[in-house]
Structures are given as C-alpha cells and as structure tokens.
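Please read the structure below before turning to the comments.
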Amino acid sequence: EPEVTQTPSHQVTQMGQEVILRCVPISNHLYFYWYRQILGQKVEFLVSFYNNEISEKSEIFDDQFSVERPDGSNFTLKIRSTKLEDSAMYFCASSFRLAGGETQYFGPGTRLLVL
Amino acid sequence: SQQGEEDPQALSIQEGENATMNCSYKTSINNLQWYRQNSGRGLVHLILIRSNEREKHSGRLRVTLDTSKKSSSLLITASRAADTASYFCAGGSGNTGKLIFGQGTTLQVKP
C-alpha cells in the first residue's frame, strides 16, 4: 500500500541553525501539507500546498518557514533559524483531491529537537 | 473552545467493552476525519465522514455526524488491547484541505 515517507525520523539541532525536513508524498497525490505536534499537545496545521504554490498557511508559518517541491517526488519544509519552541513532531500529509473532502494520509513524522 | 474538541480526554475500559469518543467543532466543515496515534508515532487514518452523511461504518468502527449540533462520535466495538492509543478528530473545511485537530482522547484498553 502506498504511504507517505519522511526523513529524517529524528533531528537534533542547535538554536539558530537551519533545518530541512523531507517528505515523499504518495505518488499520484496533488495536495500536500505540513502539520506539527508539540509534545503532549494537539496536531496543528502549518501549511497546504498545491500546484507549486502555498494555498493556505497558519499564523505559526511565519517568515522562518518555507516549503518547496524541488522535484516530482519530494516536498520539503525548511526552518531558517530554529528556535527552542520549534521543537515538535512534524508531520507531512498528502491527499489526491479536495472535492467533498478527501482522506489525508500522514507520514510517520520527524521529531525535531532544538537545543 | 477550539474546533475539534474531544471528550472524554481519557478513557479506560476492559477488553471486549465498547468505547465511545465525542468530538465537537465550532465552524462549518465539509468533512470530519478520525485518526489514531500510538504513543509518539504517526497518525493513522481511520475513517472520513462527509458533511452530508450521518453515519458511517468501517469494521468495528462506527462514526456519526450531527451537523446541527456540530458534533461527531466514534464508537469502537468489542475493543482490544491493541486499540490502546490516542484518537483525534479533525475537521476539514474551505478550499485548501486544512484540517483542524482536536485535543484527542487517550484510550486505554485493559486486557
């Protein structure tokens, strides 16, 4: 069964460093998302992406964050200058279409720890 | 409270019993999805119910949606120890697919 994959599974970085989290969505999916979950809290929406453009972003997704689909398979989230409060589990998700609501399939997550 | 609030926050039952989790939401949705998360792991999609549907079944899962009350419930019948996990509802709305998650219900099924 196709699945969303994410690398790395864990990342430890120093405050102020840049990190890039990578995702490979399901191959025929057209819509891509990033969410995050701070330890013990609920999952929060960061950004949605379609047709090589951001379609919606949350207040969390400030200028420190960017997303890119550099080729036909990868979808990346970059945090330019990490802060302690960026420590969280980051989930990538993808879906085939939107009409009527479509299942979003989530990857296993990248656990980011900022020291 | 925010979109997708669940209750109870924690539920402990014996194997074989049924588990019911409730979710309420604030804004209009076009679908509501339920996910399961084992401790520290990824989100596994369980079931999606559209705003024009009232009830849906999948195996031991039964989901209801009441758009007039802005609420949904997830029933797991004949629970197993392997059902122990956190369960989240997530409302989808708008044109971008954004999901708004609730705080989740932590279910413990004792063998």
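Just so you know, the sequences run in chain order A and B. The number in this note's numbering is simply the position in the first sequence, starting from 1, with 106 added. The number in this note's numbering is simply the position in the second sequence, starting from 1, with 173 added. We put the CB at the ideal spot given by N, CA and C, even for glycine.
- Annotated as distal: R233 of chain B and E188 of chain B, with beta-carbon spacing of 8 Å or more.
- Contact annotation: Q206 of chain B and L272 of chain B have beta-carbon atoms nearer than 8 Å.
- Under a criterion of Cβ atoms nearer than 7 Å, the residues of chain A adjacent to Q276 of chain B are, in order, K148.
- For A258 of chain B, the number of other beta carbons within 10 angstroms of its own is at least 16, and it is reported as buried.
- Rounded to whole angstroms, the Cβ separation of E109 of chain A and Y211 of chain A is 7 Å, and the two are in contact under 8 Å.
- Put simply, the backbone Cα of S201 of chain A is about 24 Å away from that of K243 of chain B.
- If you keep only unbroken beta strand (DSSP E) runs of at least 3 residues inside the stretch 189-213 of chain B, you get 192-197 and 204-210.
- One finds T269 and G270 in chain B with Cβ atoms closer than 9 Å to the Cβ of Y137 of chain A, taken in chain order.
- Between D192 of chain A and the set A:P114, A:V118 and A:K163, the nearest pair of CA atoms involves A:V118.
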